[in-house]
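Number of protein chains: 6
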Amino acid sequence: MTLTRGFQAHPAGSVLVEFGGTKVLCAASVTAGVPRWRTGSGLGWLTAEYAMLPSATHTRSDRESVKGRVGGRTHEISRLIGRSLRACIDLKALGENTIALDCDVLQADGGTRTAAITGAYVALADAVTWLRAHGRLADPQPLSCQVAAVSVGVVDGRVRLDLPYAEDSRAEVDTNVVATDRGTLIEVQGTGEGATFSRRTLDAMLDSALGGIERLCALQAEALAAPYPGELPT
Amino acid sequence: MTLTRGFQAHPAGSVLVEFGGTKVLCAASVTAGVPRWRTGSGLGWLTAEYAMLPSATHTRSDRESVKGRVGGRTHEISRLIGRSLRACIDLKALGENTIALDCDVLQADGGTRTAAITGAYVALADAVTWLRAHGRLADPQPLSCQVAAVSVGVVDGRVRLDLPYAEDSRAEVDTNVVATDRGTLIEVQGTGEGATFSRRTLDAMLDSALGGIERLCALQAEALAAPYPGELPT
Amino acid sequence: MTLTRGFQAHPAGSVLVEFGGTKVLCAASVTAGVPRWRTGSGLGWLTAEYAMLPSATHTRSDRESVKGRVGGRTHEISRLIGRSLRACIDLKALGENTIALDCDVLQADGGTRTAAITGAYVALADAVTWLRAHGRLADPQPLSCQVAAVSVGVVDGRVRLDLPYAEDSRAEVDTNVVATDRGTLIEVQGTGEGATFSRRTLDAMLDSALGGIERLCALQAEALAAPYPGELPT
Amino acid sequence: MTLTRGFQAHPAGSVLVEFGGTKVLCAASVTAGVPRWRTGSGLGWLTAEYAMLPSATHTRSDRESVKGRVGGRTHEISRLIGRSLRACIDLKALGENTIALDCDVLQADGGTRTAAITGAYVALADAVTWLRAHGRLADPQPLSCQVAAVSVGVVDGRVRLDLPYAEDSRAEVDTNVVATDRGTLIEVQGTGEGATFSRRTLDAMLDSALGGIERLCALQAEALAAPYPGELPT
Amino acid sequence: MTLTRGFQAHPAGSVLVEFGGTKVLCAASVTAGVPRWRTGSGLGWLTAEYAMLPSATHTRSDRESVKGRVGGRTHEISRLIGRSLRACIDLKALGENTIALDCDVLQADGGTRTAAITGAYVALADAVTWLRAHGRLADPQPLSCQVAAVSVGVVDGRVRLDLPYAEDSRAEVDTNVVATDRGTLIEVQGTGEGATFSRRTLDAMLDSALGGIERLCALQAEALAAPYPGELPT
Amino acid sequence: MTLTRGFQAHPAGSVLVEFGGTKVLCAASVTAGVPRWRTGSGLGWLTAEYAMLPSATHTRSDRESVKGRVGGRTHEISRLIGRSLRACIDLKALGENTIALDCDVLQADGGTRTAAITGAYVALADAVTWLRAHGRLADPQPLSCQVAAVSVGVVDGRVRLDLPYAEDSRAEVDTNVVATDRGTLIEVQGTGEGATFSRRTLDAMLDSALGGIERLCALQAEALAAPYPGELPT
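One line per chain: the protein sequences are Y, X, B, U, A and F, in this order. With UniProt numbering as the guide, the letters of the first sequence map in order to residues 1 to 234. With UniProt numbering as the guide, the letters of the second sequence map in order to residues 1 to 234. With UniProt numbering as the guide, the letters of the third sequence map in order to residues 1 to 234. With UniProt numbering as the guide, the letters of the fourth sequence map in order to residues 1 to 234. With UniProt numbering as the guide, the letters of the fifth sequence map in order to residues 1 to 234. With UniProt numbering as the guide, the letters of the sixth sequence map in order to residues 1 to 234.
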């Protein structure tokens, strides 16, 4: 996995995640203020939207804006990304700012939602740096941990981490795990479409997932060790 | 939990599930034929839609048909119900028939999605009985197991099964588990909104969930022991 | 016709109407305040929405939320229910409260719109009782009369009250009448799809309808003679 | 009321109805074939759509195409026009042709729906003449009678025919009547928004309405006595 | 081209443009105030919407309100009309008033967008007269010039002004020009669908267009020489 | 301007255009067959869709899929791209294949539509190479010329080519020109929002534009001189 910070010029955080054949552009845009129902609470807000370019998939997919409605899968992943990243940010420390995370898949080859979460954390960290440099945080340390995600599948009876699409679509069980750099869980979603699985298999998948997430958190930390990729007030 | 079969006259299967303050009407409607993309495959199809009456919730909620779009949560639960029930049916044995599962929440007090899955299985079993009696199955035994679901939460540090809404909304972690009468898993969805959880907590939640599902499967079997609640050809 | 009050726990009024093979769940939900265009007028507001569960009809019907638009028939009946019930309530006496009437058809076998109006009156009466007990009415008696409705058809040349669906669909003329317990009219809708009808036939239908409405008003009064089906402050 | 035939060049029938301050453009467009669900039945189809230009009303109204949905009132009137005109046409004699009636209100001053029905009959008669001249009818006389409509209101206790908008909005009761040149009824819609009315009042309104419709049918016959306003094959 | 002022009673300006077989109804409706994002700026606003009646075209077209979305061509023309007319009005002189231009095509035979612009100018001039007479302008002369438009095409290699539909659809190049009575340009849109064109051809089209626009401006001035077609305060 | 071919793995043509601060991803996806209305004609089809990522603009813009409708500007540009590229392809030579051009703006700094057209030509050329290599063209040379586009503005009275956003938004006149490598025109769109312009200014803008397009065509040719960036059958 490579994480390229500063891919776009305008958002406070912008990261291109490349992972096998999967490329996701994660942007964190900052707006002063919060949605109306939250105004005056002193709390910030974080929201996320996931989408795929029509040209990202093997066979071109229809554009959701043209169809006039967002599909069920898109909704579901957007909500998952939002929940996952809200787990690592103290919305009180954020102050009345809104961070919008946009995860747009430029190329899809399996694991787009977990790549999106892993990249979104880095974009979020950059947006927090930007807010801090502009003196707009209520408290200078709103982030309490790192967040990363992997998918684990069982193919031909063997547990496998981060399958590319061709194998993923053959998986008997598919589990997405979101966790922190401390090894605690944020979200576990295990699904056996057209098959059931034992608790022992679930355990093996979780072992594998937590090992993978540990490695991703190291990569995030390494990427974030470089300076902020834009201009900041001094 | 009470399961009242034959609540509606028209669908092949219709079950009213009552569980604490939650009431869900689960209907299984049968149509000859399958969607166009599946025609000629010899395989059947099973689809599910979940919805809530505006008057089901403590504060009246807006009607999705009037808003003109189905919300993210509704989409997500509809997809979960469909996936869960497809895990127990052999679509080849079903033949080219479509079963639509409609789970409409008449009253909501926590656990509506898991009550919906548990009731939908019973409605599905009745629809299969109806198809068999009308000689429309490709194979007489399309169902391979029972399916039931529970939600488990952690409140004030203690693992609790099937929380009512007032406690559910305070839960630090919320896990939905769908499993079979044989103890194998179909779906595990554990979420810590605004909090993280340890693997030990996940294990305790799964222990509790699987015990609950075993009891629900016994209730389903008992309810299905009575004869089909409508007229069948002899 | 049976009228079961208190079918749902959350709305201030909730009535299950059963009438032949037709079952309609009528809920009256109370919200403090009125729509923006009415704020500060001192007047309350009453609105109504009618819908059918997909599983309510003989052949499953598509869900309007999934289609993304409310059909013409649904709109028309929602407007009819709203107009009919506004005729019996003094919106000034109601004060700046909004009552939303939701009429959801659980099972359809003819006459769903007239059953909905008849049940909605009882739900409305319960909501008014609830508002009065909570001291939220501008005047303690906002209801000026009872409202009930019947449909009358002409089948094979004979006038018939409240036809079940199988006969209704054969009717040459179909008239819906909404009236009060005093015999005055609120709404008359007579339609001869594919046929015309004489004024003499209209007169015979009105005679029959007003007789039926008198009997329904007696049933409403009887149902409302029992105490309010929930807890009220004393 | 004036009826100007041939206002538009393209549709087979096109009539501008002017009536007080109300102007409605009624067009009857012919298409070979019928909707898919009717193909092969040998029966024709007739459908209607009603709409208002934004600039037709005293205060500009929003455009429904821009809002992205057709309002309840529009739906309701479109359905009324369709039902009313289907009452006078033998769809078997029409053969497998579709007639679309478009009633677009250019200027509104009360009674737009009844003016639309009265004008739509004349446009329909012209479309039938066009179909006959082109040899496309299954039987040369599909029209069995004339159809016209009026609205009757009660203002300050007095029954009044075809009120202009300023008085119509003050009416205590408002009744729309659609009837034939033979005095038989097609549709009666009496509404007392915010008031109830006696059967005696209904009778007085019907007397007045049927007198008005007789006069309108004479005007229609007179307008149709002139030759078809376009070119026909000889 | 004929320009009939005062075709509708309600809008401040209403002009029926007839041009060959094309008829467009242009209305200019005035509202006090401006959209929220502009409030308090002291500037007025002008917006435009273009639409076609279903019955306007040779073959009936579907109604955009029923389809639930405005098509690309409609959007594009609405934006063009708005831009064109904003070029001749000083929004500061207009004061905080909004003028909505509705251009509804009653009959289409080529050149509807250019006829709409030419007619909309006259409706706008009448709306300005109305505003001035009611003392609602910030400055009495908000209009700085006249605006008119023509389309020019190349058919069989020859430049032709304002083609009727039958020839327009054969044109190799199609150019719409919007200009002022002083010969300056507002908008030039030249398109060679399925063909390219030389700069020399573009020059010939512009020559022809500017000549046509000069004649249209003379017709506008002549039409506006007659008094305002409604009542004004004195 | 840099043109990076093969940016995405799945579409037959994929080009990243970078131009000042503007980045547009242009993909050309090939599907066998044509839309239903064209089937059996022997002709191919080419369609285009333009969109902007929410994070592409200085201030985050709302996602059109979430708003549920495509805006007027988006529609307009999509249609422009489609028309422009159809001018250089012989749809008969293409055979019954459909090419979908997706132009997604990753970063916006003025001139996104002209950059999109210039890049789309290169993606289209790659898709044609792919089709040829797979033996799916009716004729091996469907492309008749190159297509490129520039925008020209007038700022402070001076004609300027391809303005960045900050200056573009100050431009008094804005002209987009699409032309071929032979200097013939495909589309000219000159607009003076809030200002008018003389024919002399138009001429100066066209001179400048055609010079710029000549340079862009040279860049396209250079980029296309390298081999196809994916695998082709030999």
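Backbone N, C-alpha and C fix where the C-beta goes; we use that ideal spot for every residue, glycine too.
Please report the residue range of the beta strand (DSSP E) in which residue i lies.
i, result
"C88 (chain X)", "Run containing C88 (chain X): none; DSSP gives neither H nor E here."
"T2 (chain B)", "2-5"
"V105 (chain B)", "97-107"
"V15 (chain Y)", "13-19"
"T31 (chain Y)", "22-32"
Would you say residue i reaches chain X, if we count a Cβ-Cβ gap shorter than 8 angstroms as a contact?
i, result
"I213 (chain Y)", "no"
"R113 (chain B)", "no"
"E64 (chain B)", "yes"
Taking Cβ positions only, does residue i come closer than 8 angstroms to chain U?
i, result
"G21 (chain A)", "yes"
"H134 (chain B)", "no"
"L94 (chain B)", "no"
From which residue to which residue does the alpha helix (DSSP H) around residue i run?
i, result
"A48 (chain A)", "Per DSSP, A48 (chain A) belongs to no alpha helix (DSSP H); it is in the beta strand (DSSP E), 45-52."
"Q220 (chain B)", "199-225"
"V66 (chain Y)", "64-67"
I'd like the list of long-range same chain contacts for residue i, defined as Cβ closer than 6 angstroms, with 5 residues on each side in sequence excluded.
i, result
"A209 (chain X)", "V150, V152, V177"
"E49 (chain X)", "S78, D102"
"L94 (chain U)", "G44, P142"
"W130 (chain A)", "A12"
"T191 (chain X)", "D174"
"A51 (chain X)", "D104"
"A115 (chain X)", "V17, F19, T22, V24"
"R113 (chain U)", "I77"
Kindly list the residues whose CB is nearer than 7 angstroms to the CB of residue i, restricted to its own chain and excluding five residues on each side of it in sequence; keep chain order.
i, result
"H134 (chain F)", "P233"
"V147 (chain A)", "S84, L85, A87, C88, I117, Y121, V178, T180, I186"
"A123 (chain Y)", "G13, S14, V15, C26, A27, A28, L101"
Check whether chain A comes within 8 angstroms of residue i, counting only Cβ atoms and requiring the distance to be less than that.
i, result
"I186 (chain F)", "yes"
"H58 (chain F)", "no"
"L216 (chain F)", "no"
"L53 (chain U)", "yes"
Can you find a CB in chain F that lies within less than 8 angstroms of the CB of residue i?
i, result
"S198 (chain A)", "yes"
"H10 (chain Y)", "yes"
"R69 (chain Y)", "yes"
"L206 (chain A)", "yes"
Any Cβ of chain Y within less than 8 angstroms of the Cβ of residue i?
i, result
"L25 (chain F)", "yes"
"L85 (chain F)", "no"
"E49 (chain X)", "no"
"S14 (chain F)", "yes"
Does any residue of chain B have a CB that is nearer than 8 angstroms to the CB of residue i?
i, result
"L106 (chain X)", "yes"
"D102 (chain X)", "yes"
Those runs of the alpha helix (DSSP H) which lie wholly inside the stretch 113-189 of chain B and span at least 4 residues: 165-168
Cβ pair count under 8 angstroms reaching 3, the stretch 67-80 of chain Y against the stretch 68-75 of chain X: yes
Contact the stretch 30-48 of chain A vs the stretch 14-26 of chain F: 3+ CB pairs below 8 angstroms: no
Touching by the beta-carbon criterion (3+ pairs, under 8 angstroms), the stretch 208-224 of chain X and the stretch 154-166 of chain X: yes
At least three beta-carbon pairs within less than 8 angstroms, the stretch 56-66 of chain U to the stretch 219-229 of chain B: no
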